[in-house]
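One structure is given below, encoded as structure tokens.
Protein chains: 4
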Amino acid sequence: MANNTFGELFRVTTFGESHGAAIGAVIDGCPSGLEIDVNLIQHELDRRKPGQSTITTSRKESDTVQVLSGIHNNKTLGSPIALLIKNEDQKPEDYEHIKTSFRPSHADFTYFSKYGLRDYRGGGRSSARATAAIVGAGAIAKQLLTQLTKLDIKTYVSQVGKIKLEKNYKELPLDKIDTNIVRCPDEKKAKDMIHLIETARNNGDSLGGIITGVIQNCPVGLGEPVFDKLNANLAKAMFCINAVHGFEYGSGFEGSSKYGSENNDEFIEKDGIIATKTNHSGGIQGGISNGMDIYFNVAFKPTSTIKKAQQTINEKGEHITIEPEGRHDPCVLPRAVPIVEAMAALVLADHVLRNRAAKL
Amino acid sequence: MANNTFGELFRVTTFGESHGAAIGAVIDGCPSGLEIDVNLIQHELDRRKPGQSTITTSRKESDTVQVLSGIHNNKTLGSPIALLIKNEDQKPEDYEHIKTSFRPSHADFTYFSKYGLRDYRGGGRSSARATAAIVGAGAIAKQLLTQLTKLDIKTYVSQVGKIKLEKNYKELPLDKIDTNIVRCPDEKKAKDMIHLIETARNNGDSLGGIITGVIQNCPVGLGEPVFDKLNANLAKAMFCINAVHGFEYGSGFEGSSKYGSENNDEFIEKDGIIATKTNHSGGIQGGISNGMDIYFNVAFKPTSTIKKAQQTINEKGEHITIEPEGRHDPCVLPRAVPIVEAMAALVLADHVLRNRAAKL
Amino acid sequence: MANNTFGELFRVTTFGESHGAAIGAVIDGCPSGLEIDVNLIQHELDRRKPGQSTITTSRKESDTVQVLSGIHNNKTLGSPIALLIKNEDQKPEDYEHIKTSFRPSHADFTYFSKYGLRDYRGGGRSSARATAAIVGAGAIAKQLLTQLTKLDIKTYVSQVGKIKLEKNYKELPLDKIDTNIVRCPDEKKAKDMIHLIETARNNGDSLGGIITGVIQNCPVGLGEPVFDKLNANLAKAMFCINAVHGFEYGSGFEGSSKYGSENNDEFIEKDGIIATKTNHSGGIQGGISNGMDIYFNVAFKPTSTIKKAQQTINEKGEHITIEPEGRHDPCVLPRAVPIVEAMAALVLADHVLRNRAAKL
Amino acid sequence: MANNTFGELFRVTTFGESHGAAIGAVIDGCPSGLEIDVNLIQHELDRRKPGQSTITTSRKESDTVQVLSGIHNNKTLGSPIALLIKNEDQKPEDYEHIKTSFRPSHADFTYFSKYGLRDYRGGGRSSARATAAIVGAGAIAKQLLTQLTKLDIKTYVSQVGKIKLEKNYKELPLDKIDTNIVRCPDEKKAKDMIHLIETARNNGDSLGGIITGVIQNCPVGLGEPVFDKLNANLAKAMFCINAVHGFEYGSGFEGSSKYGSENNDEFIEKDGIIATKTNHSGGIQGGISNGMDIYFNVAFKPTSTIKKAQQTINEKGEHITIEPEGRHDPCVLPRAVPIVEAMAALVLADHVLRNRAAKL
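Chains as they are written, first to last, in our numbering: chain A, 2 to 361; chain B, 2 to 361; chain C, 2 to 361; chain D, 2 to 361.
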């Protein structure tokens, strides 16, 4: 739809500023009769919440979710599901000293220019705090997918700064993602990444990286050509996440230097299942899922907030020096893992419902 | 919004199969009073049309556009603008021998699975021929942008196979893009690319590559957080184009290995204009344009159609060998340059109109 | 969606001005595998076309429909279906003398004010000619409904000027609607209506009236609370038709003066079918169809174009006298019968598809 | 747009069941910089709230509104505005004895059929309680309209049961609507209406009626042809309100029996203002406002809940007798006055924003 709503049939509208009363989501179009375990919603929120480990921001939010509507006796009613998460640990005073400053690489300047005013407290609506609502909604989408399909979404950190996994998703233990605080299934690399993040934090600096996503057992037929291709909507979904600067799926950027004869995926049939011998298509052909694994990479830039003096200007156009005090993540990737997963779930849930109207 | 419609306020609906009677577009939401030069529409279609050079498909289509409605005395009326392009050089017989085959890395299998039937003639709706309608609509969006803003979109081929430009967009003569048939503004590299494409074609093989886009003089304030960020919609737009497997803007994938202190863009003010010293943000912050150049890369996989024997299966699940006969491009990038430009124009035109409702 | 698009899943976008090159419709979201008989589309267009009888306008249009896309071998492909109807009998010269005048009760003034310019030729986009595209699209919706449900839509003229049917739809032979040129199933009243229309035409005057619609065998469950109630969308659909000033369903305006104890519909069960003893609800409760007959009335004002001298003003604000020369219908109701039917079909087809996503 | 969202640019999504934790609304697309007086929101909610007078339901709800987001320092931020209203006086036990019964003329049966389950407590989502969220959102729309235009919306009860105002809106003191508890500006008729409602309540019965709306000083140009006509969206808006069975504007149903020569509105010009001599068009021509008064009637059926024994069936299909105990309004019209006003405000606010994109 538009602005703060995502999806066509499984539609999520989020609201809330970083230091306002609350943030939340309204999910409209969720079919009735879905069994909802609220603990699973809370579990995903806990994976995203601040203060969960030594390498995340120290802001303390319990991020306790309340279901206000749409669910009765643990089942969806077919009516809108409203989720509410209160903001608890607000420190607007942290932002008083920069209330008229445009922080480098933040949305302060663009929000101020577009809207003529802005909520300077923690970035207001542009804050990554808004993604908590996405994670809550995504947890409902995941329950929908579990009950309607066999598909499984896994996302993990595959790069932090210059430390990069060499193994691809098939060579990694995807059930071990949450066994370390950086959410990287390669234990050795995980330790290196954690160390790198700690060093950056101690230097008042920040890091970017890459999150890899894998969707397995996806039903054939998801995606609506030509402007709601599954890949197009996955791409859009990822760029809705703060700090994302790149997305590729299947053969991606690397595939651009290949020949067709190298890159094409021949079809094979085995036991009545149609598959492809290779999977450079990344599970999507002509914008529609073909049943093979969908895999993709999401590139995050380093966190904009750093604890270093930086030159910038303020609302009056004066050149000033700022040194932000707000609590922040030296690297957002560990906490972004459930966000990438949630956005993928929202896209897939929407397409599962839309696919019901494809054939007579 | 959905399926075959793109945009919220400047909405384009396209229709048409590769070998049906015609393809076309209906543009709804274009403001009245826009001066339209139909020659400019035709000019863009000519840049995309088949048979334009030795390195494109030999299919012969004049791609003459007819305006059926919405324009009177060279001005838009505020009513829907319908564009029609007839299919002239149809050779459905080229596809008779593969009408039940699933061509590798094409949409044959997924369309058949999703819809239970398909138009096998040249890929039907999944054909890149549908992009002619996009280019037509984009040419109207460009006239809107010219009359309402100063922004300027330039797109060019920056990589074919393994041949890659080393210079960035600021070092290239962007007014020379159309001076060679591969649409690369580096004359030396262009020759190498053309040679590479000719060799691939002679081998019955195909190539992918990268198209780079630059949007200059973009007004500040385009983009609607949080789910209609300008970057998110540009990304989506590009993945709607056939064969696209990757998109990055600003610091992109490379930025993921940088530190925040390296990647942040400090704000400066000069003569009343607010700018950033560096531009790793790629002209977009918090999903909203900040007035700096927007630059991005779009990765295309190699063309799926190759003139080589390939293993695959047919609708009955039998293993077969096919060797496609349909006319095709050994490398789609030269013709995709105006398509990337058109999709960018559609996104920008939509956001220019939407921005009118941002402030009181 | 918006402006010139109707429906959410079964989406129809229409285009075209009265005296432009052509009018048409693009239907997106129609499921694949639907058998389409183009003759049935043409049949509905013939019921609406001008010049069909002595009581309609003398404009001569064959209104021959061309299918440009979306259908192959008489089956829908799941891709957009484009319908084209050329304008043949254009007499723009009829409108030259009033090109700067605002005809009373026409859209000349409002279009000019809103858009800053207008296509004065026959009302341009505001012309009822645009409804031909609706009728074409509706004929596809009807084929969808026939193949997916048992529902049946009947619409007929129940009032012309002060001549009004006393019988309700249950007492009338609904299979006789097309046996007379006014499309009223009461043969006696039909004659009176025809006579009244002929008299009005001879006087250069015009008439309004009421069209009654009945939807039988509607599946239970159509309608999406709270803002896409079936009744709300039927109402909206009817007000999209030129000249409509009123809509009521079920007990309607008359029911407002009843007591609840008179108006309530008690539920009964017979042979496993749940029904209501009375049907003041008009087949819709809480915005959702309950399986009983849906019946409604649509009020049309008299045609605005009359062949009498009238005072008005022109674009310069000067007071003038006009006496329109364009061909027109003395009473639009006979030709509006298939339009009401088409709009109802569009609403129902959309809700049938949407209902597929209601339950898990 | 869809299901629980209303509007295209000024978009309201509501949520909440009658006896759940809370109801609320999220308003997306409200421009930044709008001054918001929360007291004005509360004032409209107070006009709608239960228990406000002797002729309304005795359910006690303070309907205190909380603003969760989108407003900072009494100004809108351009981000979604979330309103929350807690349900306080829930008596789900009132509904225990009918939890498997289908109450006559309620939505129990249709919700159960459509969704396979339902929230039986007070009608769940089908309850008129959901309109409190509409009234809250409408109060924001009204502040937008006040700050952007001069338009003024007035709505009042013009009929209860068989008691009907003979005077039209021009002959009535529209500033006196709230001086009596039935919200009818004719003091004499108001007393009769109140007496009639009290008698009906004492008999355990209920009444319907008509609400008349008037929009004055509406800007010229609101409405988007052909499927988002201002009249079409006003009609749809009204049918979204529980119990509405009819809508007419301008000459309405009565106009259907007139001749064109009687019904046409001649244009006149006075002091640079273009107006019409008569106003049978009801301020809308071709779906676009012409600056004259927009006036309309909304027909409500009598409240479905009556305190009389009624025959019906239950979920097992058994015939039963019920006598509802839930608190209810003997006549909803006095409390529906602010709801009609709110829905009209939502439509107008949306069209005011959309009109910004009409011209170049």
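For each residue, glycine too, the CB sits at the ideal point set by N, CA and C.
Sequence-distant residues of its chain with Cβ nearer than 6 Å to residue i (five each side left out)
i: residue 48/D; result: 339
i: residue 14/B; result: 5, 6 and 27
i: residue 106/D; result: 305
i: residue 209/C; result: 301, 302 and 303
i: residue 132/D; result: 340
Amino acids of chain C, ordered along the chain, whose beta-carbon sits closer than 9 Å to that of residue i
i: residue 354/A; result: 357 and 358
Residue i Cβ short of 8 Å to the ligand SAM heavy atom set
i: residue 205/D; result: Looking at this structure, you won't find the ligand SAM or any other ligand, since it has none at all.
Extent of the continuous beta strand (DSSP E) to which residue i belongs
i: residue 68/D; result: 66-70
i: residue 228/A; result: Residue 228/A -> no beta strand (DSSP E), and no H or E assigned at all.
i: residue 87/C; result: 82-87
Limits of the unbroken alpha helix (DSSP H) element including residue i
i: residue 237/B; result: 231-240
i: residue 108/D; result: Counting along the chain, residue 108/D falls outside any alpha helix (DSSP H), and DSSP gives it neither H nor E.
i: residue 96/B; result: 94-97
i: residue 154/C; result: Unbroken run through residue 154/C is the beta strand (DSSP E), 153-161; no alpha helix (DSSP H).
i: residue 192/A; result: 188-203
i: residue 245/A; result: Run containing residue 245/A: none in the alpha helix (DSSP H); it sits in the beta strand (DSSP E), 245-250.
Same chain only: Cβ atoms within 8 Å of residue i, ignoring 5 sequence neighbours per side
i: residue 324/D; result: 308, 309, 310 and 311
i: residue 276/C; result: 268, 269, 270, 292 and 293
i: residue 148/C; result: 35 and 36
i: residue 252/D; result: 259, 264, 281, 282 and 283
i: residue 341/C; result: 156, 212, 214, 239, 242 and 299
i: residue 2/D; result: Confidence at residue 2/D is low in this model, with a pLDDT of 47, below 50, so its placement is unreliable and the value that follows should be read with caution. Excluding residues within five positions, the ones whose Cβ falls inside 8 Å are 8, 9 and 12.
i: residue 174/B; result: 186
Contact list for residue i against chain A, beta-carbon separation under 8 Å
i: residue 148/C; result: 361
i: residue 22/D; result: 67, 68, 69 and 70
Cβ-based neighbour list, residue i, same chain, cut-off 7 Å, excluding 5 preceding and 5 following
i: residue 70/A; result: 80, 81, 82 and 83
i: residue 59/C; result: 52 and 328
i: residue 359/C; result: 222
Contact set between residue i and chain A, taken where Cβ atoms lie within less than 9 Å
i: residue 33/C; result: 359, 360 and 361
8 Å Cβ cut-off: residues of chain C touching residue i
i: residue 116/B; result: 33, 34, 78 and 79
Residue i: contacting residues in chain A (beta-carbon distance under 7 Å)
i: residue 10/C; result: 358
Chain-ordered neighbours of residue i on chain D, where CB pairs are closer than 7 Å
i: residue 73/A; result: 120
Chain-ordered neighbours of residue i on chain B, where CB pairs are closer than 7 Å
i: residue 126/C; result: 78 and 80
i: residue 141/A; result: Under the 7 Å cutoff, chain B gives no residues; its nearest Cβ is about 17 Å from residue 141/A.
i: residue 185/A; result: What residue 185/A touches in chain B: nothing, since even the nearest Cβ is about 14 Å away.
Within chain D, partners of residue i - CB distance below 8 Å
i: residue 5/C; result: 226, 227 and 228
Contacts that residue i makes with chain B (C-beta to C-beta distance below 9 Å)
i: residue 29/C; result: 3, 4, 5, 6, 14 and 16
Amino acids of chain B, ordered along the chain, whose beta-carbon sits closer than 8 Å to that of residue i
i: residue 83/C; result: 16, 17, 23 and 25
Cross-chain neighbours of residue i in chain D, by beta carbon under 9 Å
i: residue 46/C; result: The premise fails here: residue 46/C is roughly 18 Å from chain D at the closest Cβ pair, so nothing lies under 9 Å.
Open item on the list: Under 8 Å: do the region 223-231 of chain B and the region 213-227 of chain A share three or more Cβ pairs, one atom per stretch?
Closed with: Under the 8 Å Cβ criterion, the region 223-231 of chain B does not count as touching the region 213-227 of chain A, having fewer than three qualifying pairs.
TODO: Could you please tell me which residues of the region 279-312 of chain B, in chain order, have their CB closer than 9 Å to any CB of chain A?
DONE: Those residues of the region 279-312 of chain B that come within reach of chain A (Cβ to Cβ, closer than 9 Å) are 281, 282, 283, 285, 286, 287, 288, 289, 290, 291, 292, 298, 300, 301, 302, 303, 304, 305, 306, 307, 309, 311 and 312.
- [ ] Below 7 Å between beta carbons is the criterion; list the residues of the region 219-233 of chain B that meet it against any residue of chain A, in chain order.
- [x] Within the region 219-233 of chain B, the qualifying residues are 221, 222, 225, 226, 227, 228, 229, 230, 232 and 233.
TODO: State whether the region 107-114 of chain A contacts the region 280-294 of chain B, with contact taken as three or more CB pairs (one from each stretch) at a distance under 8 Å.
DONE: Yes, since at least three Cβ pairs between the region 107-114 of chain A and the region 280-294 of chain B fall closer than 8 Å, the two stretches touch.
Open item on the list: When you compare the region 332-347 of chain D with the region 174-194 of chain D, are there three or more beta-carbon pairs, one atom per stretch, that lie closer than 8 Å?
Closed with: Verdict: yes, contact present.
Task: Residues, ordered as in the chain, of the region 261-278 of chain A that lie near chain B by beta-carbon distance below 9 Å - done: In summary, the residues of the region 261-278 of chain A whose CB is separated from some CB of chain B by less than 9 Å are 261, 262, 263, 264, 265, 266, 267, 268, 269, 270, 273, 275, 277 and 278, in the order they occur in the chain.
- [ ] Flag this pair as touching only if the region 342-356 of chain A and the region 16-27 of chain A have three or more C-beta atom pairs under 8 Å; answer yes or no.
- [x] Segments in contact, no.
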